[in-house]
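**Student:** Protein chains in written order, with my numbering: chain X, 637 to 728; chain E, 1435 to 1585.
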């Protein structure tokens, strides 16, 4: 069963690399922000899979909850900054 | 300067999420000695709830709740709790932060006094970290007020 979770984790790492490409070469700052948020969400899943593999889910659940919270907050602050700096046209 | 958010999604989400964030931060502080976390991490999560409030409600409203002066007093209070517990152990005949000696004051066994002592120290650390993080974030958020630049 561990092999199954390991393979899923490796697939997630490949997806993180794809998102990282968007963060690095994104044509727009909004693309970068969305890519960063997606990387954070995938990191959360990878953390939980690590918890299953190492048989310590109850510890990794705590960490991943903090990660989810701070990822959401970071994206929100970044969006607020982008909106106020006026670099991108926001239609709100 | 961070103004009040006009977006109904952000406002509703912040209102729903902030109580859970605070309870989770208290859980992280309380369970610091047998799960990942502790005073610093709990303090940072508490400060995150204030940042979320500042984004959704505007910085001015949050400053009325937690002004810079209050944050300074809270951070000093946290350091006082930490150093005070350490000095109390020193006065009771142990080493600095030797919580076992607190059992002379509290009606519990030395082993339980150690657990309570480290909980007190962690609460002090969480208070100090929360206040200092809030101060840093508020200062960064209100940067262009002081320099007089356009928003």
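All C-beta atoms in this analysis are idealised placements derived from N, C-alpha and C, irrespective of residue type, glycine included.
What residue does the alpha helix (DSSP H) around residue 663 (chain X) start on, and which one ends it?
**Tutor:** As a position in the first chain, residue 663 (chain X) is number 27, starting the count at 1. Per DSSP, residue 663 (chain X) belongs to no alpha helix (DSSP H) and is neither H nor E.
**Student:** Quick one, which of E:1442, E:1463, E:1468 and E:1500 has its alpha-carbon nearest residue 1570 (chain E)'s?
**Tutor:** Here residue 1570 (chain E) refers to the residue found at position 136 of the second chain. Closest option to residue 1570 (chain E), Cα to Cα, is E:1500.
**Student:** Taking 7 Å as the limit between beta carbons, can you name the residues of its chain near residue 1568 (chain E), skipping five residues before and five after?
**Tutor:** Against the second chain, residue 1568 (chain E) aligns to sequence position 134. These residues qualify, in order along the chain: 1481, 1484, 1500 and 1505.
**Student:** Taking only the alpha-carbon atoms, compute the straight-line gap between residue 1450 (chain E) and residue 1444 (chain E) and give it to the nearest angstrom.
**Tutor:** In the second chain, residue 1450 (chain E) corresponds to position 16, counting from 1. In the second chain, residue 1444 (chain E) corresponds to position 10, counting from 1. One C-alpha to the other measures close to 10 Å.
**Student:** Can you give me, in chain order, the residues of the stretch 699-710 of chain X that have a beta carbon less than 9 Å from any beta carbon in chain E?
**Tutor:** The stretch 699-710 of chain X vs chain E, Cβ under 9 Å: 699, 701, 702, 705, 706, 708 and 709.
**Student:** For chain E, is any of its Cβ atoms less than 8 Å away from the one on residue 695 (chain X)?
**Tutor:** Locating residue 695 (chain X) in the first chain gives position 59, where the first residue counts as 1. Judged by the 8 Å Cβ criterion, residue 695 (chain X) is in contact with chain E.
**Student:** Please classify residue 722 (chain X): does DSSP put it in a helix, a strand, or coil?
**Tutor:** Your numbering for residue 722 (chain X) matches position 86 in the first chain. The answer is coil: DSSP assigns residue 722 (chain X) none of H, G, I, E or B.
**Student:** For residue 688 (chain X) and residue 1510 (chain E), what's the separation of their Cα atoms in angstroms?
**Tutor:** By one-based count along the first chain, residue 688 (chain X) stands at place 52. By one-based count along the second chain, residue 1510 (chain E) stands at place 76. Each residue's alpha carbon lies about 41 Å from the other.
**Student:** Taking all protein chains shown into account, do 16 or more other C-beta atoms lie within 10 angstroms of the C-beta of residue 649 (chain X), making it buried, or fewer, making it exposed?
**Tutor:** If you number the first chain from 1, residue 649 (chain X) lands on position 13. Burial call: exposed.
**Student:** Report the three-state DSSP secondary structure of residue 692 (chain X) (helix, strand or coil).
**Tutor:** If you number the first chain from 1, residue 692 (chain X) lands on position 56. Coil at residue 692 (chain X), not helix or strand.
**Student:** Does any C-beta atom of chain X lie closer than 8 Å to the C-beta of residue 1458 (chain E)?
**Tutor:** Here residue 1458 (chain E) is taken as the residue at index 24 of the second chain, counted from 1. For residue 1458 (chain E), the answer is yes, since a Cβ of chain X falls inside 8 Å of its Cβ.
**Student:** In chain X, which residues lie less than 9 Å from residue 1469 (chain E) when you measure between Cβ atoms?
**Tutor:** Within the second chain, residue 1469 (chain E) is the residue found at index 35, counting from 1. Going along chain X in sequence order, the residues near residue 1469 (chain E) (Cβ under 9 Å) are 694, 695 and 698.
**Student:** Taking 8 Å as the cut-off, does the stretch 637-655 of chain X touch the stretch 693-700 of chain X (at least 3 CB pairs, one atom from each stretch)?
**Tutor:** The stretch 693-700 of chain X is not in contact with the stretch 637-655 of chain X.
**Student:** Can the beta-carbon of residue 1488 (chain E) be found less than 8 Å from the beta-carbon of residue 1479 (chain E)?
**Tutor:** Mapped onto the second chain, residue 1488 (chain E) falls at position 54. Mapped onto the second chain, residue 1479 (chain E) falls at position 45. Cβ atoms of residue 1488 (chain E) and residue 1479 (chain E): not closer than 8 Å.
**Student:** Counting only Cβ-Cβ distances shorter than 7 Å, please list the residues of the stretch 1478-1501 of chain E near chain X, keeping chain order.
**Tutor:** Answer set for the stretch 1478-1501 of chain E: 1479, 1482, 1485, 1486 and 1489.
**Student:** If I measure Cβ to Cβ from residue 703 (chain X) and keep anything under 6 Å in the same chain, skipping five residues before and after, which residues do I get?
**Tutor:** For the purposes of this step, residue 703 (chain X) is taken as residue 67 along the first chain, with counting starting at 1. So the qualifying residues of the chain are 680.
**Student:** Determine whether the beta carbon atoms of residue 666 (chain X) and residue 718 (chain X) lie at a separation below 8 Å.
**Tutor:** Position 30 of the first chain, counted from the first residue, corresponds to residue 666 (chain X). Position 82 of the first chain, counted from the first residue, corresponds to residue 718 (chain X). Contact: yes.
**Student:** Note down, in chain order, each residue of its chain lying with its Cβ closer than 6 Å to the Cβ of residue 1448 (chain E), except the 5 sequence neighbours on either side.
**Tutor:** Numbered from 1 along the second chain, position 14 holds the residue referred to as residue 1448 (chain E). Hits under 6 Å: 1486 and 1490.
**Student:** Report yes if the CB atom of residue 1536 (chain E) is closer than 8 Å to the CB atom of residue 1547 (chain E), and no otherwise.
**Tutor:** Here residue 1536 (chain E) refers to the residue found at position 102 when the second chain is read from its first residue. Here residue 1547 (chain E) refers to the residue found at position 113 when the second chain is read from its first residue. Yes, the Cβ-Cβ distance between residue 1536 (chain E) and residue 1547 (chain E) is below 8 Å.
**Student:** Verify whether the separation of the beta carbon atoms of residue 1530 (chain E) and residue 1558 (chain E) is less than 8 Å.
**Tutor:** To locate residue 1530 (chain E), count along the second chain from 1; it is residue 96. To locate residue 1558 (chain E), count along the second chain from 1; it is residue 124. No. Outside cutoff.
**Student:** Against residue 1444 (chain E), what residues of chain X qualify as contacts under a CB-to-CB distance less than 8 Å, listed in chain order?
**Tutor:** Position 10 of the second chain, counted from the start, is the residue given in the question as residue 1444 (chain E). Those within 8 Å of residue 1444 (chain E) in chain X are 712.
**Student:** Using the rule of at least 16 other Cβ atoms within 10 Å of the residue's Cβ for burial, across every protein chain shown, is residue 716 (chain X) buried or exposed?
**Tutor:** What you label residue 716 (chain X) is simply residue 80 of the first chain in a count that begins at 1. Residue 716 (chain X) is buried by the Cβ-count criterion.
**Student:** To which residues of the same chain is residue 1508 (chain E) closer than 6 Å at the C-beta, ignoring the five residues directly before and after it?
**Tutor:** Counted from its first residue, the second chain places residue 1508 (chain E) at position 74. Cβ within range, chain order: 1561 and 1565.
**Student:** CA-CA distance, residue 1466 (chain E) and residue 724 (chain X)?
**Tutor:** On the second chain, residue 1466 (chain E) is found 32 positions in, with the first residue counted as 1. On the first chain, residue 724 (chain X) is found 88 positions in, with the first residue counted as 1. Straight-line Cα distance between these residues: approximately 43 Å.
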